[in-house]
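Protein chains: 2
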Amino acid sequence: MEASNLKERLEESRILTEVRVFAPATVANMICGYDILGFAVNEPGDEVFMKRVATPGVRITEITGDEGRLSYDTDKNTVSACVLSLLEKLGIDKEFGVEITLHKQMPIGSGLGSSAASTVAGLFAINTLLGNPLTKQELLPFCVEGERLACGTGHVDNVAPALFGGITLIRSADTFDVIKLPVPKDLHVAVVFPKVDVPTRDARQLIKEKVYLKDAVTQWGNIAGLIAGLYESDYSLLARSMNDVLIEPTRAILIPEFYEMKELALSLGALSFGISGSGPAVVAVTNDAAIAKVIAAAIAAHLAAAEIESFQYVSAVNNEGPKVIHASYETI
Amino acid sequence: MEASNLKERLEESRILTEVRVFAPATVANMICGYDILGFAVNEPGDEVFMKRVATPGVRITEITGDEGRLSYDTDKNTVSACVLSLLEKLGIDKEFGVEITLHKQMPIGSGLGSSAASTVAGLFAINTLLGNPLTKQELLPFCVEGERLACGTGHVDNVAPALFGGITLIRSADTFDVIKLPVPKDLHVAVVFPKVDVPTRDARQLIKEKVYLKDAVTQWGNIAGLIAGLYESDYSLLARSMNDVLIEPTRAILIPEFYEMKELALSLGALSFGISGSGPAVVAVTNDAAIAKVIAAAIAAHLAAAEIESFQYVSAVNNEGPKVIHASYETI
Numbered sequence: 001m002e003a004s005n006l007k008e009r010l011e012e013s014r015i016l017t018e019v020r021v022f023a024p025a026t027v028a029n030m031i032c033g034y035d036i037l038g039f040a041v042n043e044p045g046d047e048v049f050m051k052r053v054a055t056p057g058v059r060i061t062e063i064t065g066d067e068g069r070l071s072y073d074t075d076k077n078t079v080s081a082c083v084l085s086l087l088e089k090l091g092i093d094k095e096f097g098v099e100i101t102l103h104k105q106m107p108i109g110s111g112l113g114s115s116a117a118s119t120v121a122g123l124f125a126i127n128t129l130l131g132n133p134l135t136k137q138e139l140l141p142f143c144v145e146g147e148r149l150a151c152g153t154g155h156v157d158n159v160a161p162a163l164f165g166g167i168t169l170i171r172s173a174d175t176f177d178v179i180k181l182p183v184p185k186d187l188h189v190a191v192v193f194p195k196v197d198v199p200t201r202d203a204r205q206l207i208k209e210k211v212y213l214k215d216a217v218t219q220w221g222n223i224a225g226l227i228a229g230l231y232e233s234d235y236s237l238l239a240r241s242m243n244d245v246l247i248e249p250t251r252a253i254l255i256p257e258f259y260e261m262k263e264l265a266l267s268l269g270a271l272s273f274g275i276s277g278s279g280p281a282v283v284a285v286t287n288d289a290a291i292a293k294v295i296a297a298a299i300a301a302h303l304a305a306a307e308i309e310s311f312q313y314v315s316a317v318n319n320e321g322p323k324v325i326h327a328s329y330e331t332i
Numbered sequence: 001m002e003a004s005n006l007k008e009r010l011e012e013s014r015i016l017t018e019v020r021v022f023a024p025a026t027v028a029n030m031i032c033g034y035d036i037l038g039f040a041v042n043e044p045g046d047e048v049f050m051k052r053v054a055t056p057g058v059r060i061t062e063i064t065g066d067e068g069r070l071s072y073d074t075d076k077n078t079v080s081a082c083v084l085s086l087l088e089k090l091g092i093d094k095e096f097g098v099e100i101t102l103h104k105q106m107p108i109g110s111g112l113g114s115s116a117a118s119t120v121a122g123l124f125a126i127n128t129l130l131g132n133p134l135t136k137q138e139l140l141p142f143c144v145e146g147e148r149l150a151c152g153t154g155h156v157d158n159v160a161p162a163l164f165g166g167i168t169l170i171r172s173a174d175t176f177d178v179i180k181l182p183v184p185k186d187l188h189v190a191v192v193f194p195k196v197d198v199p200t201r202d203a204r205q206l207i208k209e210k211v212y213l214k215d216a217v218t219q220w221g222n223i224a225g226l227i228a229g230l231y232e233s234d235y236s237l238l239a240r241s242m243n244d245v246l247i248e249p250t251r252a253i254l255i256p257e258f259y260e261m262k263e264l265a266l267s268l269g270a271l272s273f274g275i276s277g278s279g280p281a282v283v284a285v286t287n288d289a290a291i292a293k294v295i296a297a298a299i300a301a302h303l304a305a306a307e308i309e310s311f312q313y314v315s316a317v318n319n320e321g322p323k324v325i326h327a328s329y330e331t332i
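These protein sequences, in sequence, are chains A and B.
Quick note: the first sequence, position 76, residue 76 per UniProt numbering, numbers continuous.
Quick note: the second sequence, position 287, residue 287 per UniProt numbering, numbers continuous.
See the structure below:
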């Protein structure tokens, strides 16, 4: 028997008592795929620290980075609520106890899937503490339920990429039918969050209930082109396809300097530019990390000139989803 | 130098005087991809025989299989009209002369792209006679113009698969942006044409101008799933994706026994079942030629019991498009 194998067995024989999990921010819609596409980024993201304790139940002991906006109430905080929901489903909520620390490391209400990142980190953490009884596919409905609690509706297009990593297609949210799509290797994004307030609820309410069929046809031609472009690693096709004729015209109104930022990004070589989720974060998609950096800086400078503070993130697509960044064991 | 090579060179030094071209029927929409997807089948299809003559101009000398429905007028017949249009564009309409025989080998007004097959065969034939000055991509606008003449609008979703073969995505009809998609190797279809009259114009007029965004989202989730399914050769994903929630409910009204045929096809193992183009032809998609044969026969029997005559075609996807089936040369 090899030493590494022995070490693994030894670790398995110990009880996992503490775990720290990172889950990534996500860019929902991927410009043209409203409610069905999304991808994860390497940064920003949220961290959840979870500790097994003797007293049964789920408690939030600390929240950092939220500027006091999130609840410590177990039933109201999305992380604790969906962890509790999972324990209930497994029938161990009366015997298993955890304390949770939530480290928000990304803006709330940004359009970057902030609640999805926290929820996914929390559920991945509890599943890890329990010895991974559930697959990611089985965790998905619990994540969606957490989103419903945070935003009023369950946005699978944020939780799916945060949970599975990569670029995800939600063929059907009703049946949790999620397909991981290929990630062209040079794909990099510049994400910029202008510090203005656009609540998800308002952004969704602006959208009209009915659309022209001819516009829908344009949109699904673009969506189909985007999927084909991902499989072919065809950046020209991706650029031609990532155009949103339906949602962007409405939502862009809420985002200051949107069209100026778009023109800037495209002039600097972005394949496409659009709104991340419901905004106000925006995203430039490129086939070059260096170009993404230049675009992020240029947009930040443009916003600064307009007296708008912003945060910028340059990233490849995160293909992993949540990950354990620290674990503590108790020897039996 | 090899003999085969020498033979080729010899043929090149002769003038092509006659050509007979087959172009395939097509299934537009591929169930859920209204106006953007379509595929070609091996049968049925149309044949155009074209003969170079000394007298300049384009003449139709014979049309067979059309039950007297098509015009011999050069400007009104789609085949001659678009051949003439091509010669004009090349600036040789005053010097080049051809006689055309059109052999309709498929029903007109069937939803199988009858006019597209004729148009594509005609344009491929004249291009071949001229020594292939145009690529298929360059021929596409002329084919679309022919469709416009035949149906009132230019349906790229029939002409693109007829011209390029395979499964085609029309990302944008305005810019003729056509992408050939992969064809999973076991894909076979049963196409059944019930002999009832559903003119394309009427079928399109039934469709509403506006649709619910939530239905459009369902549709483009399915379209995206279909594209991914083709790249992955994932027949289960194809089956889950090939559902049309927007157009079928309206158009199915015009097709007698539609839902009975659908239930029959699915119960016999079809991955999906729907309307071919604007109907009344219907299509069952399978991953097995034998299943497709069983379905075609069962539907035909069902229609016969309802006293509806029908034609059935079982086919793999035709990946070639138009082809020269006979050519005559004149030695220089």
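Beta carbons: idealized from backbone N, C-alpha and C, even for Gly.
Remember, it's a predicted structure, so these values are computed and weren't measured experimentally.
Residue state for V283(A) is assigned as strand, using DSSP reduced to three classes. In the same chain as T55(B), and ignoring 5 residues on each side of it, the C-beta atoms closer than 6 Å to its own belong to G97, in chain order. Within the stretch 163 to 183 of chain B, contact with chain A at the beta-carbon level (separation under 7 Å) is assigned to L169, I170, R171, S172, D177, I179, L181. Between the alpha carbons of I299(B) and L264(B) lies a gap of roughly 7 Å. Beta-carbon to beta-carbon, R171(B) and N222(A) are separated by about 7 Å, close enough to satisfy the 8 Å threshold.
Contact between T26(B) and A162(B) holds, since their C-beta atoms are separated by about 5 Å, short of 8 Å.
Counting only Cβ-Cβ distances below 8 Å, Q219(A) has contacts in chain B at A216, W220, in chain order. 8 Å or more divides the Cβ of V217(B) from the Cβ of A292(B). The residues V19, V21, V48, M50, in chain order, have a CB closer than 7 Å to that of A125(B) in the same chain once the five nearest residues on each side in sequence are set aside. Taking a beta-carbon distance threshold of 8 Å, R59(B) does not count as an interface residue toward chain A.
At a C-beta separation below 8 Å, K210(B) has these neighbours in chain A: K210, V211, Y212, L213. Taking every protein chain shown into account, the CB of A290(B) has fewer than 16 other CB atoms within 10 angstroms, so this residue is exposed.
Within the same chain, and ignoring the five residues on either side of N319(B) in sequence, the residues whose Cβ sits closer than 7 Å to its Cβ are G165, G166, V183. C-alpha of F176(B) to C-alpha of P141(B): approximately 7 Å in a straight line. Selection G321(A), I227(A), V282(A), L102(A) evaluated against E67(A) yields L102(A) as nearest (Cα-Cα). In the structure shown, the three-state DSSP call for L169(B) is strand. The Cβ of D157(A) sits no closer than 8 Å to any Cβ of chain B. For A228(A), at least one C-beta of chain B is nearer than 8 Å to its own C-beta. With the criterion set as a beta carbon lying under 8 Å from some beta carbon of chain A, the members of the stretch 32 to 65 of chain B are G33, Y34, D35, I36, L37, in sequence order.
Between A224(B) and chain A, the shortest Cβ-Cβ separation is below 8 Å. Between the stretch 223 to 239 of chain A and the stretch 309 to 317 of chain A, the count of Cβ pairs shorter than 8 Å is below three; the stretches do not touch. When secondary structure is reduced to three states using DSSP, N29(A) falls in the coil class, being assigned neither helix nor strand.
Relative to the Cα of G111(A), the nearest Cα in the group W220(A), L254(A), P280(A) belongs to P280(A). For a Cβ distance threshold of 7 Å, nothing in chain B lies close to Y329(A): the least Cβ distance comes to about 39 Å. Neighbourhood of I253(A) in chain B, by CB distance below 8 Å: empty, with the nearest CB roughly 17 Å away.
Within the same chain, and ignoring the five residues on either side of E88(B) in sequence, no residue has its Cβ closer than 8 Å to its Cβ. Under the three-state reduction of DSSP output, F193(A) falls in the strand class. Secondary structure note for Q219(B): it is in no beta strand (DSSP E), and the uninterrupted alpha helix (DSSP H) holding it is 213 to 232. Non-local C-beta neighbours of Y259(B) in its own chain, meaning closer than 8 Å and more than five positions away in sequence, comprise A252, ordered along the chain.
Taking 8 Å as the CB threshold, I207(B) lines the interface with chain A. By the C-beta density criterion, E147(B) is buried, having at least 16 other C-beta atoms within 10 angstroms. Taking a Cβ-Cβ cut-off of 8 Å, Y72(B) has no neighbours in chain A, whose nearest Cβ is about 36 Å from it. Here E62(B) is exposed: its Cβ has fewer than 16 other Cβ atoms, across all protein chains shown, within 10 Å.
Excluding five sequence positions before and after A40(A), the CB atoms of its chain that fall closer than 7 Å to its own CB belong to P24, T26, P161, A162, G165, G166, V317, N318, G321, given in chain order. Using a 10 angstroms sphere on the CB of S267(A), the tally of other CB atoms stays under 16, which defines it as exposed.
Collapsing the DSSP output to three states places K262(A) in a helix.
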